[in-house]
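Everything below concerns the one structure shown next.
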Amino acid sequence: MSALAAPNEVVTRALLRQVNVPGLDRPAALITLDNGFDHTKPNSFGPGGLTSLDEAITAALAADPAFVAVTGKPYIFCVGADITSLPQLENREQALEIGRLGHRVFARLKDSEVPTFAFVNGAAMGGGLELALHCHYRTLSAGAAALALPEVSLGLVPGWGGTQLLPNLIGIPAATQVILQNPLMQNKMLKPKQAAEMGIADVLLEPADFLERSLEWAAGVVKGEVTVTRPEVDKDMWAGVLYFARQTLDQRLHGAVPAAYKALDLLETAKDADFAAGTAAEDEALADLVFSEELRSGLYAFDLVQRRAKRPAGAPDKGLARPVTKVGIVGAGLMASQLALLFARRLQVPVVMTDLDQSRVDKGVGYVHAQIEKAVSKGRMDKGTAAKLYGLVSGSVDKSVFADADFVIEAVFEDLGVKKQVWAELEKIVKPEAVLATNTSSLSITEMAADLEHPERVVGFHFFNPVAVLPLLEIVRGERTDDATLATAFAVGKQLKKSSVLVKDAPAFVVNRLLTRFLGTVFAAVDQGTPLDVANSALDPLGLPMRPLALLQLVGPAVAYHVGGTLHAAFPERFGVSENLKRIADSGQPIVVDDQVNEDVAKLLVVGDQPLTAEQVRQNALDALAEEIRLMLDEGVVAEAQDIDLCMILGAGWPFHLGGVTPYLDRTGTSERVTGKRFLPRGVASLRA
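Position in the sequence shown (first residue = 1) + 793 = this note's numbering.
See below:
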């Protein structure tokens, strides 16, 4: 195929109109980007879209306008390149051609003698934000949902001028944050206020009359009534910032994400190179990365998060869901309190917590109130919303407050007997159609509901900590959970803005089962005599968000030991129980301090005399993951390998460049060697044969 032809492209048209602006002696040219769909299908640029923009710029300039402005359809400016077409590229020259086309078209706005403006009215990411950066001036709506250069998270670099323009606009420290740090922190987005403070936009305007105010502001600039001042970029700190950034990348990624290092090189180029040379370097970097395994894994992961997460496999008809007008939470500890705040914020219904005594209840409600106050103080919540939430969250020591609740979730001690006792007591109180949800991380939903009169209304509703941050929700169907209960659970999950995955009732479900097997294999090497620091660094080449011992510390050695025990009881041949882990838990000491092994903890261990090399530890861990995933798929724990990957990305923070986990196991040959076959067909998350 030619790089200038993408048969499946949803073309974003550049629609040109002349606009009379008060105070100007001739009309302005306003180009609106619009692919013909609503905001749920954002504008993006493929070859057709770039060609349409090129034609619109030509026509706009030919009319001798007062200025040229580019804006987007409602709520959306542009979210960048049409990345779905990238796997269709057949050779490096085509990749170079698409990069050069974007650069040529966008540069017309930068090089124009007529003033050019970007009216960023909504989400602007990747090539969309780069388009705005090429304009001479930028207005930004305070209602814009997302602003970012996320390319590195996918395995690409900002390839249409972003690496060259941004650092010379806002300085190298802030540019490094936007181009490198944010994408590698679960693709963190900029808020409009933050983007304006950085200097990405020249003025921040309210969304209600954004276009009118933008036109008015632009007219002021053209007439000389508005002066735009930008701070001078300090180039003396350039080398030092990039040196520190490279050290940080080495410590976190250990060379595992080629795109991050390419981006760093391009930022270095931006200091002294002229713009043409810098953008030519972007073209070369883009062409190199388009045919990398990491990019194909990244595109696969992106598709999972953007599409599969929104249409959970196996979820029942949403029409079966029952309305939820009140939520009950059993427990008032930290997890329960986080849940109370989340349910109140998202569902906007009364939420009531209970616990064994008034002091615990008061502490839980107090936590919620403190979090609301913090949100107000930081400007993340207005006082009206805060007042409403204060009124929605309450607590009691009397479980009769659950009598009219539609959805009750327990977050009590992880013990089957305790949880069964809770449900036996509650079943006598709640109404017959109320859903009973458990936040258990490893226990059987079926066993938990076995003695109830209505076991069909019990469902697993497993959140990940911190609740407000991690987007995954494992919804677990017990053997007798009915469709109405399950549909209600999925409906609530959607209201909570979580990505829900349907999971069979199996020990520890998906994420905890895999992480326990993974950590168990690493810790087994420690038990054999492998030094803690060797075991801890063994997985560095994967570029995981945390080293094993830091992850173990985050989970908590006591929790890890407990979950490990549950899995050992179910699968003793694959899940061991480490007494060294119990020793660490009992000591209460941190395993790592500032990413270094705590030597005092190392002295507590009783180990063998058969240490492994880092490579052996790594391969054992990968082999264990491959074996466990194959068994989970054979057992029907989830519908497909894609759901395993979605869970690992959203629940464990595993990176896009691994595709979650199965593409990496396929890429390294581990899948076929351990299980006899690949998890995914060749070309789905990898280069074609």
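Idealized CB from N, CA, C, for every residue including glycine. No experiment lies behind these values; they were computed from the predicted model shown.
Rounded to the nearest whole angstrom, the CA to CA distance from residue 1402 to residue 1322 is 5 Å. Going by DSSP, residue 1093 is part of the alpha helix (DSSP H) stretching over 1086 to 1099. In chain order, 1313, 1317, 1361 place their CB closer than 7 Å to the CB of residue 1369, counting only its own chain and leaving out the 5 sequence neighbours on each side.
Annotated three-state conformation of residue 902 is helix, per DSSP. Following the DSSP letters along the chain, one finds residue 1213 inside the alpha helix (DSSP H) bounded by residues 1209 to 1220. Straight through space, the alpha carbons of residue 1177 and residue 1244 are spaced by roughly 45 Å. As DSSP reads the structure, residue 1200 sits in a beta bridge with 1120, 1228. In terms of Cβ geometry, residue 875 and residue 1097 do not form a close pair [threshold 9 Å]. Counting along the chain, residue 1054 sits inside the alpha helix (DSSP H) bounded by residues 1051 to 1062. Excluding sequence positions up to five before and after residue 1451, its CB lies within less than 7 Å of the CB of 1090, 1335, 1457, all in the same chain and listed in chain order. Residue state for residue 1240 is assigned as helix, using DSSP reduced to three classes.
Every alpha helix (DSSP H) stretch that sits fully inside the stretch 1097 to 1177 and reaches 4 residues is listed by chain position as 1127 to 1140, 1151 to 1170. Taking residue 1182 as reference, the option from 1134, 1227, 1150 with the minimal CA-CA separation is 1134. Residue state for residue 992 is assigned as coil, using DSSP reduced to three classes. As computed with DSSP, residue 810 is found in a beta bridge with 823.
One thing to note: residue 994 has its Cβ no nearer than 9 Å to the Cβ of residue 861.
Close CB contacts of residue 1013 within its chain, under the 6 Å cut and outside five residues either way in sequence, are with 1019 (chain order). Rounded to the nearest whole angstrom, the CA to CA distance from residue 954 to residue 1122 is 50 Å. Contact between residue 977 and residue 1053 is confirmed by a C-beta separation of about 7 Å, below the 8 Å threshold.
Distances from the CA of residue 1363 to each of 1300, 1464, 1148 were compared; the closest alpha carbon is that of 1300. Look at residue 1336 here: in three-state DSSP terms it is coil, with no helix or strand label.
By the CB criterion at 9 Å, residue 1267 and residue 1228 fall outside the cutoff.
The straight-line gap separating the alpha-carbon atoms of residue 852 and residue 819 is approximately 15 Å. For residue 1036, the enclosing alpha helix (DSSP H) begins and ends at 1031 to 1046. The residue among 858, 1179, 846, 805 with its C-alpha nearest the C-alpha of residue 814 is 858.
Put simply, the stretch 1155 to 1173 does not touch the stretch 1227 to 1241. Fewer than three CB pairs are less than 8 Å apart. For residue 1075, the enclosing alpha helix (DSSP H) covers residues 1068 to 1083. As a beta-bridge residue in DSSP terms, residue 918 pairs with 941. Taking a C-beta distance under 9 Å as the contact criterion, residue 980 and residue 916 do not qualify as a contact pair. Taking C-beta atoms as the reference points, residue 1290 and residue 1139 count as a pair closer than 9 Å. In summary, residue 1459 is buried, with 16 or more beta-carbon neighbours lying within 10 Å of its beta-carbon over all protein chains present.
Residue 1255: not part of any alpha helix (DSSP H); member of the beta strand (DSSP E) spanning 1251 to 1255, first to last residue. In the three-state DSSP reduction, residue 1412 falls in the helix class (H, G or I). Shown here for residue 960: same chain residues with a beta carbon closer than 7 Å to its own, the five before and five after excluded, namely 968, 1060, 1063 in chain order. Taking the Cα positions, residue 1387 is about 16 Å away from residue 1327. In this chain, the beta strand (DSSP E) harbouring residue 1188 covers 1186 to 1189.
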